[in-house]
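Novice:
In UniProt numbering, the protein residues as written are 1 to 517.
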């Protein structure tokens, strides 16, 4: 017995010694708190969850936080007694204390200190406060990247395209002034002349019955505010990661999103139905530059900026659809020095979004052929397989993308498979006009056979000299605006006679190479 008593005494002494080595360690209160949703109801926000955690003052405090804040940072917006987790407070849209872009976290008093005790959630239905909702122009999937100098010509009408994409450069519209916009208690300045150019594009396309998708690109402007802090190291890139990482960036991004959503929602400047945020953002080094990091951190930063754009756009036009942008690299191993595979990037992006409130994001992809200069997209290769481990996604295997999106954890808030826009794909005529004609015929046939595809955008309407120099004469018109064979075949895409001609030229029944979804 004496030996046992000595053992217990020694154990107790050791425990006291260990605890004394960690005087700053906080003992968490028993219980837990989980937030499930944050939704707009009228001019109020209702945040709901469950809570068994006990706050020492008897009150659970709901804090509104910016994307870059954590812990107990932020501003208290509501309270609830211990044991409950339903909070109601004002949305305050378009005011200095707006909650539209905030995330919400429960804070309790523990050991006398305000402490975050729950997960964080964002508003997931910004469309509920939209005041400029415009009817969509969903007329079909046939689309093209138009030549700006040919917008007054008749080629788009002759082709019968129903969709068009156009690049919108943030650095251009935010450099200079002439157009003031009041938002969230501040005055924001936009370049009136540049914005007028985009107005003209949207209106001219709309006048031809064409649905417009603007691709939002973060180029270098005079003001670096929209450039992520980790992208301001002087490295040259085509475009840069959006900034939701500090106050100035988050506020300006919200104003830009609201401005664009309002202006292009049937307010006399043309209507833009779809917005693609960035270009091939998984290709970090070239198309969405930010200093090298793991895929989770990178996707998290993109998700924070994406959510601001999403809430801003849809809070003006409830019918706007907002897309994530990826390239044809699918399950290739991520190399943070240059790129992340689309699949691991999307997994990380979706995990981040779901953890803070699922929203109805869509996906845009560029299923170019591999290699780019080979227009033969109808012959199977080892580069593109019908497996989630496929290195690339091309028009051969777009089913890989939609199968991925069909997984339960990837579904939209309504339980639907997210739509896929093939927002840029083109085929060169450098190897002969017939090859290009077959390729666009097959691409359209494959896209039409997948019910989850909401657009096929052929790049481009007319050849560009810089691309021709790389062996990529991908225009349906040559540099003199003369139609190639592919122009005629795309014009008649879906016509059985043209499909038969394309199959004859390919030496194979193209319908035998289709994967239906």
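Positions of the beta carbon are idealized from the N, C-alpha and C atoms, including for glycine. As the structure is a computational prediction, the values presented were derived from the model and not from experiment.
Among residues of its own chain, excluding the 5 on either side of residue 516, which ones have a beta-carbon nearer than 8 Å to its beta-carbon?
Specialist: On the chain shown, position 516 is the one that residue 516 refers to. Contacts found: 449, 450.
Novice: Give me the residue from 413, 281, 381 with the minimum Cα distance to residue 348.
Specialist: Counting from 1 along the chain shown, the entry for residue 348 is found at position 348. Residue 281 is the option with its Cα nearest to residue 348.
Novice: Pair every Cβ in the stretch 37-57 with every Cβ in the stretch 90-103, then say whether three or more of these pairs are closer than 8 Å.
Specialist: With the cut-off at 8 Å, the stretch 37-57 and the stretch 90-103 touch.
Novice: Is it right to say residue 327 is buried, meaning 16 or more other beta carbons lie within 10 angstroms of its own, or is it exposed?
Specialist: Here residue 327 corresponds to residue number 327 of the chain shown, with the count starting at 1. Buried, since its Cβ has 16 or more Cβ neighbours within 10 Å.
Novice: Quick check: what's the CA-CA separation for residue 28 versus residue 296?
Specialist: Along the chain shown, one-based indexing puts residue 28 at 28. Along the chain shown, one-based indexing puts residue 296 at 296. Reliability of the predicted coordinates at residue 28 is poor, the pLDDT of 38 falling under 50, and no value is obtained from them.
Novice: Indicate whether at least one CB of chain B lies closer than 7 Å to the CB of residue 317.
Specialist: Annotation note: the requested chain B is absent from the structure, which comprises a single protein chain.
Novice: Report yes or no: do the stretch 318-333 and the stretch 143-161 share at least 3 C-beta pairs separated by less than 8 Å?
Specialist: Segments in contact, no.
Novice: In whole angstroms, what is the alpha-carbon distance linking residue 301 and residue 312?
Specialist: Numbered from 1 along the chain shown, position 301 holds the residue referred to as residue 301. Numbered from 1 along the chain shown, position 312 holds the residue referred to as residue 312. Distance between the alpha carbons of residue 301 and residue 312: 17 Å.
Novice: May I ask you to report which of helix, strand or coil DSSP gives residue 150?
Specialist: Reading the chain shown from its first residue, position 150 is the one you call residue 150. Residue 150 falls in the helix class under three-state DSSP.
Novice: Roughly how many whole angstroms lie between the Cα atoms of residue 65 and residue 100?
Specialist: As a working note, residue 65 is residue 65 in the chain shown. As a working note, residue 100 is residue 100 in the chain shown. Going from the Cα of residue 65 to the Cα of residue 100 covers about 11 Å.
Novice: Name the DSSP beta bridge partners of residue 462, please?
Specialist: As a first step, residue 462 must be located in the chain shown, where it is residue number 462. Answer is 477, bridged to residue 462.
Novice: Does residue 509 pass the burial test, meaning 16 or more other C-beta atoms within 10 Å, or should it be called exposed?
Specialist: Position 509 of the chain shown, counting from 1, holds the residue named residue 509. The residue is exposed, with fewer than 16 neighbouring Cβ atoms inside 10 Å.
Novice: Count the C-beta pairs between the stretch 427-438 and the stretch 146-162 that are closer than 8 Å, then say yes if the count reaches three, no if not.
Specialist: Touching, no, given that fewer than three Cβ pairs across the two stretches are closer than 8 Å.
Novice: Identify which residue in 53, 396, 73, 127 has its Cα closest to the Cα of residue 318.
Specialist: Counting from 1 along the chain shown, the entry for residue 318 is found at position 318. The option with the nearest alpha carbon to residue 318 is 127.
Novice: What number of angstroms, rounded off, separates the C-alpha of residue 261 from the C-alpha of residue 420?
Specialist: On the chain shown, position 261 is the one that residue 261 refers to. On the chain shown, position 420 is the one that residue 420 refers to. About 21 Å.
Novice: Quick one: which unbroken beta strand (DSSP E) runs of 3-plus residues sit fully inside the stretch 77-139? Chain order, please.
Specialist: Qualifying beta strand (DSSP E) stretches, in chain order: 86-90, 103-110, 113-122.
Novice: With three or more C-beta pairs closer than 8 Å as the rule, is the stretch 57-73 touching the stretch 104-113?
Specialist: Result yes; three or more Cβ-Cβ pairs closer than 8 Å.
Novice: Return yes when the Cβ of residue 221 is within less than 7 Å of the Cβ of residue 278, no when it is not.
Specialist: Counting from one through the chain shown, the residue named residue 278 turns up at place 278. Counting from one through the chain shown, the residue named residue 221 turns up at place 221. Going by C-beta atoms, residue 278 is not nearer than 7 Å to residue 221.
Novice: Just confirm the distance between the C-beta atoms of residue 412 and residue 360, as a whole number of angstroms; I'd bet it's less than 8 Å.
Specialist: Counting from one through the chain shown, the residue named residue 412 turns up at place 412. Counting from one through the chain shown, the residue named residue 360 turns up at place 360. Contact flag correct, Cβ pair sits at about 5 Å.
Novice: Mapping DSSP to helix, strand and coil, what is residue 287?
Specialist: Residue mapping note: residue 287 aligns to position 287 of the chain shown, counting from 1. Three-state result, residue 287: helix.
Novice: Please report the Cβ distance between residue 571 and residue 395, rounded to the nearest whole angstrom; I am assuming they are in contact, meaning their Cβ atoms lie under 8 Å.
Specialist: Since the displayed the chain opens at 1 and closes at 517, residue 571 lies outside it and no answer follows.
Novice: To the nearest angstrom, how far is the alpha carbon of residue 291 from that of residue 240?
Specialist: As a position in the chain shown, residue 291 is number 291, starting the count at 1. As a position in the chain shown, residue 240 is number 240, starting the count at 1. Rounded to the nearest angstrom, the two C-alpha atoms are 10 Å apart.
Novice: Mind the definition here: the stretch 161-178 touches the stretch 191-204 only if three or more C-beta pairs lie below 8 Å; say whether that holds.
Specialist: Yes, since at least three Cβ pairs between the stretch 161-178 and the stretch 191-204 fall closer than 8 Å, the two stretches touch.
Novice: Can you confirm whether the stretch 238-258 touches the stretch 117-136 when touching is taken to mean that 3 or more C-beta pairs between the two stretches lie within less than 8 Å?
Specialist: No: the two stretches stay apart, fewer than three of their Cβ pairs being nearer than 8 Å.
Novice: Taking DSSP as the reference, what is the three-state secondary structure of residue 178?
Specialist: Walking along the chain shown from the start, residue 178 turns up at place 178. If DSSP states are grouped into helix, strand and coil, residue 178 belongs with the strands.
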